[in-house]
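What follows is a single structure, written as structure tokens, with notes after it.
In our numbering, the protein residues as written are 7 to 79.
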């Protein structure tokens, strides 16, 4: 079954929203272990940057694999 471009984007966004929360919590817990001390606002901003990158990556990979599945160059 073929997934539409819109549904590819929806799936990628849903995946990254969950990932965003996990990433921010992980940063809060792990950064101090490495001597990095950031504010909540800084963690949220860094998480936002990584989120945009992750959405783009997920969407591009999904479209690439959809094209490969069709056998198109």
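The C-beta atom is built at its ideal place from N, Cα and C for all residues, glycine as well.
Given this structure, state the Cα-to-Cα distance separating residue i from residue j, to the nearest angstrom.
| i | j | result |
| --- | --- | --- |
| residue 35 | residue 53 | 14 Å |
| residue 73 | residue 15 | 15 Å |
| residue 68 | residue 9 | 9 Å |
| residue 77 | residue 56 | 31 Å |
| residue 44 | residue 37 | 8 Å |
| residue 12 | residue 32 | 30 Å |
Quick one: measure Cβ to Cβ for residue i and residue j, integer angstroms, because I've assumed they're closer than 8 Å.
| i | j | result |
| --- | --- | --- |
| residue 30 | residue 49 | 5 Å |
| residue 28 | residue 61 | The Cβ separation is near 15 Å, so there is no contact. |
What first and last residue would you give for the alpha helix (DSSP H) that runs through residue i?
| i | result |
| --- | --- |
| residue 71 | 46 to 76 |
| residue 22 | 11 to 36 |
Are there any heavy atoms of the ligand COA lying less than 7 Å away from the beta-carbon of residue i, as far as the coordinates show?
| i | result |
| --- | --- |
| residue 8 | The model on display carries no ligand, and the ligand COA is accordingly not part of it. |
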